[in-house]
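Read the sequence shown against my numbering and you will find it ends at 336, with the numbers running on by one and no gaps. As structure tokens, the structure follows; a few thoughts come after it.
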Amino acid sequence: MTAFDANGLPDVVLLQIFRLLKFSDLCKVGRVCRRWYGLSRSQALWTCVDASVPEITSLQMDRLASVLTDSVRWLYVSSFLHCGLFLSPGALRDLRAHCPYLSTLVIESALLTTLDDFAPVTVGDFPPTLKTLSLRHSFFQVDQFFSLLAIRNLSILDLSFCWCVSDQDIPFVTQLPNLRELYLEYCEDIGDTGVALVVSRGHNLKTLALDGTKITDEAIRTIAENALALQRLYVGSTAVTDEGILHLSKGRCFALQELCLFSTTVTLQTMKVLVDVFPQLQWLNLEHTLVRESPIAKQEPPGCRVLVDERGFHMGVSCNHSVSRLRLQD
């Protein structure tokens, strides 16, 4: 049997193979030979850079930022909260200089500031072209981070699982003039007051994710009265009940297309209300609620995908709407 010689493949075929590799593996194949190094650094392969697995340190982030090119549009990195500040001044300078067209930046589990940091990272340190920013599981001081509104085009902001975010921080976030999607999933200090601040200032919000927060039916009433452009509302694993859905039905969210009520105590009465008021619904999550699959068939809105199971109400499981949404940016 003749040994396979990958070097006999044309560049275009190798590029297609390299395109299937994880970013960490792409970096490794560049060490095989000079030809593979050149191909692995092709700008066509560096449009979307996913360096989230394995997690990287601040020093590794410095090195990564120094080799990025202007072809990068999507960057995903993950770090360790316990390993000190993640973004050095050098890495921030390199990001702005080397990635002038960066539109999506995902930084997960990173320490971006300390309690005694007098020169913290701010949103103004990132490339001004950013439209999507995710800081899932990260720590930062919200008032300082959003003190400079240099990124006026930012339309998607994901602060899910950031325990440092509370109701009092919302005014800093809602200053973003083009904010259209806000993800606050499992920010446990967000409650009805924070939601009122969000919708009172963010009249153009199309997506609001509040799963796992401390909101009640009162927050749903506020949303229904103010979030006129809202298309996607995610309130799974909260204290929302049928009363909240009744508030929603009496409000002005006429553009609503997706609704997550995962792991709430809503009943079949909710489905009846939704069918009558929101015939345009396209997606509805009723998993782990008090709604059962067997009697629901006659209640489903036409053209709507309804998720439901027979296991009944259950706490302790969660949705990850922001992850699904950000993956669509690839």
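We treat Cβ as the ideally placed atom computed from N, Cα and C, and that holds for glycine. Quantities reported herein were computed from a predicted structural model and do not represent experimental measurements.
Residues that residue i bridges to, as DSSP identifies them
i: W289; result: E264 and R311
i: C54; result: W80
i: I162; result: T138 and E187
i: R238; result: T213 and E264
i: S172; result: D195
i: F145; result: L117
Inter-residue CB distance, residue i and residue j (contact presumed, cutoff 8 Å)
i: F151; j: V112; result: With 8 Å as the limit, F151 and V112 do not qualify as a contact, their Cβ atoms being about 16 Å apart.
i: L236; j: C259; result: 5 Å
i: F24; j: L15; result: So it is not a contact: roughly 11 Å between Cβ atoms.
i: T6; j: L332; result: This structure leaves residue 6 out entirely; the chain is present only between 7 and 336.
i: I201; j: T244; result: The sequence shown places Val at residue 201, not Ile. That belief does not hold up - the Cβ atoms of V201 and T244 are roughly 11 Å apart, past 8 Å.
i: S94; j: E114; result: Wrong, their Cβ atoms sit about 18 Å apart, outside the cutoff.
i: D223; j: E249; result: 5 Å
i: L70; j: I62; result: 7 Å
i: Y240; j: L216; result: 7 Å
i: L292; j: I251; result: The Cβ separation is near 11 Å, so there is no contact.
i: T273; j: V312; result: Actually they are not in contact, since the Cβ atoms of T273 and V312 sit about 15 Å apart, beyond 8 Å.
i: P310; j: Q275; result: According to the sequence displayed, residue 310 carries Cys and not Pro. The pair is not a contact, with the Cβ atoms about 17 Å apart (cut-off 8 Å).
i: D198; j: A233; result: 14 Å between Cβ atoms; not a contact.
i: L118; j: F92; result: 6 Å
i: Y82; j: A116; result: The pair is not a contact, with the Cβ atoms about 12 Å apart (cut-off 8 Å).
Residue burial classification, residue i (beta-carbon count within 10 angstroms, cutoff 16)
i: Y107; result: exposed
i: V19; result: exposed
i: C193; result: buried
i: H320; result: Low per-residue confidence applies at H320: pLDDT is 47, beneath 50, and the placement is therefore not dependable, though the value from the model is reported in the following sentence. Classification for H320: exposed.
i: L26; result: exposed
i: A103; result: exposed
i: L290; result: buried
i: G257; result: buried
i: H294; result: buried
i: Y43; result: exposed
i: R158; result: exposed
i: T75; result: exposed
i: G322; result: For G322, the predicted structure reports a pLDDT of 48, less than 50, and the residue's modelled location is therefore unreliable. A value from the coordinates is still provided. When all chains shown are included, G322 counts as exposed.
i: V59; result: exposed
i: N184; result: exposed
i: V246; result: buried
i: T53; result: exposed
i: L334; result: Confidence at L334 is low in this model, with a pLDDT of 48, below 50, so its placement is unreliable and the value that follows should be read with caution. Its Cβ having fewer than 16 others within 10 Å, L334 is exposed.
i: P285; result: exposed
i: S109; result: buried
i: S84; result: buried
i: V283; result: buried
i: C168; result: buried
i: M7; result: Any reading at M7 needs caution, since the residue's pLDDT is 45, under 50, leaving its predicted position unreliable; the model's value is listed next. Its Cβ having fewer than 16 others within 10 Å, M7 is exposed.
i: Q22; result: exposed
i: V38; result: exposed
i: G242; result: buried
i: D336; result: Residue placement at D336 cannot be trusted, given a pLDDT of 45 that sits under 50; the coordinates are not used to answer.
i: H327; result: buried
i: S161; result: buried
i: R142; result: buried
i: P133; result: buried
i: S30; result: exposed
i: D164; result: buried
i: S330; result: exposed
i: L211; result: buried
i: R41; result: exposed
i: G218; result: buried
i: V73; result: exposed
i: R238; result: buried
i: H88; result: exposed
i: Q49; result: exposed
i: D315; result: exposed
i: D149; result: exposed
i: Q174; result: exposed
i: Q181; result: exposed
i: H209; result: exposed
Residue i at chain B interface by Cβ criterion, 8 Å
i: E114; result: The structure shown contains no chain B; it holds only a single protein chain.
*Where are the beta strand (DSSP E) runs, 3 residues long or more, that stay fully inside the region 92 to 132, in chain order?*
110 to 114
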